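Peer 1:
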Amino acid sequence: MALKATIFKAELQVADMDRNYYHGHGLTIARHPSETDERMMLRVLAFALHANETLAFGKGLSTDDEPDLWRKDLTGAIELWIDVGQPDEKRIRRACGRAGEVYVYSYGGQGAAIWWEQVRSKLERCGNLTVVSVQTSSSRALAKLAQRNMQLNCTIQDQQVWLGDGEVQVQVDATTIRTSTAPAR
Numbered sequence: 009m010a011l012k013a014t015i016f017k018a019e020l021q022v023a024d025m026d027r028n029y030y031h032g033h034g035l036t037i038a039r040h041p042s043e044t045d046e047r048m049m050l051r052v053l054a055f056a057l058h059a060n061e062t063l064a065f066g067k068g069l070s071t072d073d074e075p076d077l078w079r080k081d082l083t084g085a086i087e088l089w090i091d092v093g094q095p096d097e098k099r100i101r102r103a104c105g106r107a108g109e110v111y112v113y114s115y116g117g118q119g120a121a122i123w124w125e126q127v128r129s130k131l132e133r134c135g136n137l138t139v140v141s142v143q144t145s146s147s148r149a150l151a152k153l154a155q156r157n158m159q160l161n162c163t164i165q166d167q168q169v170w171l172g173d174g175e176v177q178v179q180v181d182a183t184t185i186r187t188s189t190a191p192a193r
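Per the numbering used here, the very first residue in the sequence shown carries number 9; after that it's consecutive.
1) Among residues of its own chain, excluding the 5 on either side of Leu35, which ones have a beta-carbon nearer than 6 Å to its beta-carbon?
2) Alpha carbon to alpha carbon, what distance is there between His58 and Glu43?
3) Could you say which of Ser188, Val169, Gln155 lies nearest to Val139 if we only look at CA atoms?
4) Would you check if the distance between the CB atom of Met158 and the CB atom of Phe55 is smaller than 8 Å?
5) Hey, is Leu153's beta-carbon within less than 8 Å of any beta-carbon in chain B?
6) Leaving out five residues on either side along the sequence, give the residues of the same chain with a beta carbon under 6 Å from the beta carbon of Ile164.
7) So, using beta-carbon positions, are Val110 and Ser146 closer together than 8 Å?
8) In its own chain, which residues sit with a C-beta less than 6 Å from the C-beta of Gln143, not counting the 5 before and 5 after it?
9) Compare the Cα-Cα distances from Ala154 to each of Leu171, Asp166, Pro75 and report the closest residue.
10) How long is the line joining the alpha carbons of Val127 and Tyr115, rounded to whole angstroms?
11) Could you pull the start and end residues of the beta strand (DSSP E) that Lys67 belongs to?
12) Could you give the uninterrupted runs of the alpha helix (DSSP H) lying entirely in the region 72-112, keeping only those of 4 residues or more?
13) Identify whether Arg39 lies in helix, strand or coil by the three-state DSSP scheme.
14) Among Ala103, Asp76, Arg99, whose alpha-carbon lies nearest the alpha-carbon of Met48?
The following block contains the structure:
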């Protein structure tokens, strides 16, 4: 018998002063049995960084043709595709062909650096790709925030990001290692 996903609920308040976006989101997050708290919380972080009324979680680990998060327009065209972790270069190239913008949030310290070195040259022609590396200390601190029911606040100002639950506040240290060269839509 297959194990079922564990359901997490989060009330996420986003105050993004860089984008002038202030909104609350009620999130239902299905964590696949093989997914860690660290990876799940990075999906929540990615949601906060790109928060929008039409941004939604994909089926994630259980399917290859959907991202961890995505935003579609009214016609069903994919405007934004977000993956977390170290996806293979074929998946990233396919995403770049299907979506207007593609973001990958990698984590895992040295493993993430090795992954990027292996795929970087193969992704040079993907002009709509942005890759962000989240430092291990930040991703592990975010994992400690994981609870079945969460009240989270995310503040973004001058490209500084803080995510917390009222008791613990995590400053997210991340580095953009590849920036999209495609014009913004």
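Yeah, the Cβ is synthetic: ideal placement off N, Cα and C, and Gly gets one too. Please read these numbers as outputs of a predicted model, since none were measured by experiment.
Peer 2: Reading it off the structure:
1) The residues are Ala18, Leu20.
2) Taking the straight line joining both Cα atoms gives about 22 Å.
3) Per the Cα distances, Ser188.
4) No Cβ-Cβ contact shorter than 8 Å links Met158 with Phe55.
5) No chain B appears in this structure, which consists of one protein chain only.
6) Only residues of its own chain outside the window of five on either side were considered, and among them Asp24, Asp26 have a CB closer than 6 Å to the CB of Ile164, listed in chain order.
7) No, they are not a contact pair.
8) Within the same chain, Gln143 has close Cβ partners Asp181.
9) Among Leu171, Asp166, Pro75, the Cα nearest to that of Ala154 belongs to Leu171.
10) Straight through space, the alpha carbons of Tyr115 and Val127 are spaced by roughly 15 Å.
11) Counting along the chain, Lys67 falls outside any beta strand (DSSP E), and DSSP gives it neither H nor E.
12) Segments of the alpha helix (DSSP H) lying fully in the region 72-112: 97-106.
13) For Arg39, the three-state secondary structure derived from DSSP is strand.
14) Closest option to Met48, Cα to Cα, is Asp76.
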